[in-house]
Every structure is written in structure tokens, then in C-alpha cells.
Amino acid sequence: MQEGNAMQMDPAILALSRYRRRRFDDTIDLTTDILARNFKDQAMWFLKCRALTAKNWIDDTEMEDEGVAELLLDDHSVASAPRPGTSLKKPFNAESGRTTANPGIRPTTRDGRPVTGFARPGTGSAPGTSRPVTQSGRFVRLGTASMRTEEGGPFIVADSLDLKKYAQRPALAKALCDYLLYFDHNAKKALELAAFATEEVEFKDWWWKARLGKCYYKLGLYRDAEKQFKSSLKDQDMITTYLELGKVYIKLDQPNAAIEYYEKGCHQHPGDTHLILGIARIHDQLNDMEKSLLYYEKILDLNSSNIEGISCLAGNYFYEDQPELALRLYRRLIQMGVNNTELWNNLALCCFYSSQYDMCLNCFERALALADDNNMADVWYNIGQVAIGIGDLGLAYHAFKVAISVDGNHPESFNNLGVLELRQGHLDESKNNFDAAISLGPYLHEPVFNSALLSYKMGNHQDSYNQLQKVLEIYPQHTDSAELLTKLRKHFS
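Residue numbers for the sequence shown follow full-length UniProt numbering, so the first one is 1 and each next one is one higher.
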């Protein structure tokens, strides 16, 4: 339809057409004009409500970041010494008998879990960024910013609504509830509306029970959310409800309960990759690599274009000394249209360790062209690693220097720079770099061991002994530290 003819259409029909084509800004403008002429037009009120909600919709079935305040002020009681595999705060280690990642080969996060190969919600914040103060506080700021664009104030003033009246009209109530959750980010009012609506339908509507659970979850009332989601599942078996319930158990630090419900969902909905992906992620968080890889393979059997499954398998193949297989999977992502710094960086490393040196530098060039301040330091660090591999220590030194200039909080670059300074006989500079790496990356064992070895060679045996004990706390299976510690104990005796 031509634009001239479109302008002659009834504005309400045109607004509905724009909404169906997901042109939400146009829909909001048209409905705002109609409501300015007749503010009692319920159809346009409903459509504008839906358009605002759809524009600000967030898929909150995924795991999400925790704010600083939520981490520090978490008052939920958990076991102080949980068994490995029963708590996300204590993942499996090599002593548990499970196939776990070797920290000496595969980099780990601050929590001691291996890097998965895919940046998903809930993973550590990127360098140069910070956690939101609170998760809900971040949402409120977003909602306030959106309302400022509304001339004359917000579209709906939640505090002035008679929610009991809206609860008697199911269609309007559902639109209003989603608006309060996703646009206004007012979980308290949404909870009040959902409670009234649930009473109106005599506690028989699964949708309202699920919304009650979502509101309780956003308010931090996880046990109440658990009850509502379970009640919703009794009325209607829905995949999203299983995912929401799994999130509740993750917040409660009960990964096995989350896996149990995900598996129930898989039994009821065979072939759905979202539930299998949830199981794989939890096994990843528990550092149970063998099981997580089995589930990622299941995902790719059902959906060969799942980006997270391909990325995690490729990362695992790379760290298992199979860069050729990892290269094939990363090439698959390129063919699917993925184009970012991390992918080209990983391709470059796979090419290098597969002896395809002609492609390696080209991939690094593309990675640097796409890089920003958050990931450029990692690319330069990997260029330095490749330079060490080919014996060009001058290039490696400059690459690590550039990495530190881009991101002054990059502990791996400080550690490697310390090793290169030590090779040149600069003991003080080397020691300073190791100390910087230790302070910036307390979860890394390499800079602590390097500093301990340097202290040992300089005759500072007590400092070396203390640092070796720190290494074995971080990585108990580090044989070099154990051997040096044995030497020191013999020396002290």
C-alpha cells in the first residue's frame, strides 16, 4: 500500500497495522493522537499499552546479572560448607572425581568456574564496566527515561488506578499487568493487580499465577514465587514457567532442584532447546564439563544453528587441544552471520594452533577493526601470546604494553609482561608487574606462582612460602607449587 493511501486510512486501523508490523514508535504516535482527541477510547488505550510494552520487552526467562547490593545484602541462608555439586558457590573440583576444567590450561572466572566460550546473561561484567547497584534500580532508571519522552508526563499513573475495576476486565488487565512489569517496572502494583485478577478468576488461571510468581521474583520473595510457579504448572504445563521456576532455584542456590524441574519440562516438551540449554548452563556453573558438553551436543542435534551450543563446544574443543574442530565450528558461526571481535579473535587463535599462520594475522586484523575499549585489551593480549609462540619477544612485549594501555586492569597482561621483564634481567619491574597482576586478578594462580618463584630465587624464602600456599588455595593440583613448597619445607627443617 502506498503512503498516500495509508494516510487516508482510519487512524485506528493504521495504528493496528503498524503494530502488527512491529513498528511500535509509529503505533505509539498514532494512538497518542487518537487518545488526545478521545481519552476514553479503550481500544486505542489497549493498543498503546501493548505497543509500549512490546517496545521495552526483555526476555527475562534468561539468567540475569546480579547487582552489587543484591550480592552484599543477600539474606537467604545457605549451607556454610555445601558439598561440591550442590551449590553454585562451590562447584566441582578435580578432587570430586568429575571431569572438570584444568585452570592451568583453561582460563577461569572470578568464581573459579571455567570460561564457557559464550557471553550469556549472568556472567561476569566485561572489563571497564561495572555491575548495576541493584537489578531493580537499573530497571527503574530505564522506565523513568522512557517516560520522559512522553509529553505531559507518563501514559499511565499506576498509583491513581482502581486496580479492582481493571481486574474485572481480563484483556485490559493483562495488558496493564505487562505494562507495569516491563515498561513502568512497578512490580508492587503489578503484584496487586495480579492478586485481584486471580481472585476474579477463582484461582484457576495459570497466566495470572505465573505473573504473580514473576512479581514475587522481581521483589526478591523467591519462596512465594516458587509456590506460584508450581501452582501455575498444575493448571497449565508451559515451557516459560519451567524456565522461570529454574531461575528461582538458581537464586536460592539450589542447582539440583533447577535441573530436576528442567528435566521434567524436557519430558513434557521433548525437543525444546531452551530447557536443555538451562540444564547445560547449570552443569557449566557447577564445573561439570562432561555433562554440560553432552547437553550442548543434544541441543545441536535438535537445532544445528544454536549459537550458544556451537560456541561452547568450540571453546571446549580448543582447550582440549583440538583447534581444528574448534575452527570448523567457528567458521560455521561466520557462515551464520555472526560478526564480532570475540569470534575473529578465537578464529585467529584456532588458525595459529592449527598451523594456518597465513590466516591468523588476518583474523586478528578483523578482530581489532571491530574491537572497542571493552575487548581490545584481550585481542592485544592474544597477539602477544601468538608472538611468544613464534619467538618474537619484542612484538610480544609491545602487544602486552598496548593491552595495558587500553585496559589498566588486565592482570594476564601484567603477568606476562613480568615474565618478559624477568627474561631481560629487570627484577624490580618484573616484581612490580607480578604484584599488579595479583592485586587485579586474585583468582589467577600464575602471577602468584611467578612471584613466589622470583622470591625463592632472590632468597626471600618466607615470602615464597606464603605465596605458594596461596597458589595451592587457588589451584590445589598445581604440581610445580607443590614441588617448590616441599623444597622450602626441607630447607626450613
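Built from N, CA and C at the ideal position, the CB exists for glycine as well.
Computed from a prediction, not measured in an experiment: that's the story for all the values here.
(request) Assuming G278 and L302 form a contact by the criterion Cβ under 8 Å, report the distance between their Cβ atoms to the nearest whole angstrom. (result) Incorrect: roughly 14 Å between the Cβ atoms, too far for contact.
(request) Put S354 into one of helix, strand or coil per three-state DSSP. (result) coil
(message) Counting C-beta neighbours from all protein chains within 10 Å, is the total for Y19 16 or more, i.e. buried, or is it exposed?
(response) buried
(request) Spatial neighbours of T129 within its chain, please: CB distance less than 8 Å, with the 5 preceding and 5 following residues excluded, ordered by chain position. (result) Note on T129: pLDDT 44, under 50, position unreliable in the model; no value is reported.
(message) I'd like to know whether the C-beta atoms of L313 and L329 end up nearer to each other than 8 Å.
(response) yes
(message) Less than 6 Å between C-beta atoms, sequence neighbours within five positions excluded: which residues of the same chain meet that for V386?
(response) F352
(message) Taking the straight line between their C-alpha atoms, what separation do you get for K218 and K188?
(response) 9 Å
(message) Check for me: the alpha helix (DSSP H) holding A171 runs from which residue to which?
(response) 170–182
(message) Comparing C-alpha positions only, which one of D33, Y182, I13 sits nearest to P59?
(response) Pro is not the amino acid found at residue 59; the sequence shown has Asp there. D59 has its Cα closest to that of Y182, out of D33, Y182, I13.
(request) Would you mind working out which of F203, C215, K230 sits nearest H185, comparing C-alpha positions? (result) C215
(message) If contact is defined by three or more beta carbon pairs under 8 Å, each pair taking one atom from either stretch, is the region 471–487 in contact with the region 430–441?
(response) no
(request) Starting from the C-beta of K291, find all residues in its chain whose C-beta is less than 7 Å away, skip the five residues before and the five after it, and write them out in chain order. (result) H283
(message) Taking contact to mean 3 or more Cβ pairs, one atom from each stretch, closer than 8 Å, check whether the region 362–369 and the region 390–404 are in contact.
(response) no
(request) Identify whether T31 lies in helix, strand or coil by the three-state DSSP scheme. (result) helix
(request) Report all residues from its chain with a CB closer than 7 Å to the CB of T341; omit the five preceding and five following residues, and keep chain order. (result) A367, L370, A371, N375, V379
(message) Using a Cβ distance threshold of 8 Å, determine whether the region 476–483 contacts the region 446–464, with at least three qualifying pairs required.
(response) yes
(message) When you compare the CB positions of D235 and K209, do they come within less than 8 Å of one another, or not?
(response) yes
(request) Check the C-beta distance from N382 over to L349 and give it rounded, since I have them as a contact under 8 Å. (result) 6 Å
(request) Count the other C-beta atoms from every protein chain shown that fall within 10 angstroms of the C-beta of H445, then say buried if there are 16 or more, exposed otherwise. (result) buried
(message) Suppose you measure from the CA of Y261 to the CA of A173; what does that come to, to the nearest Å?
(response) 30 Å
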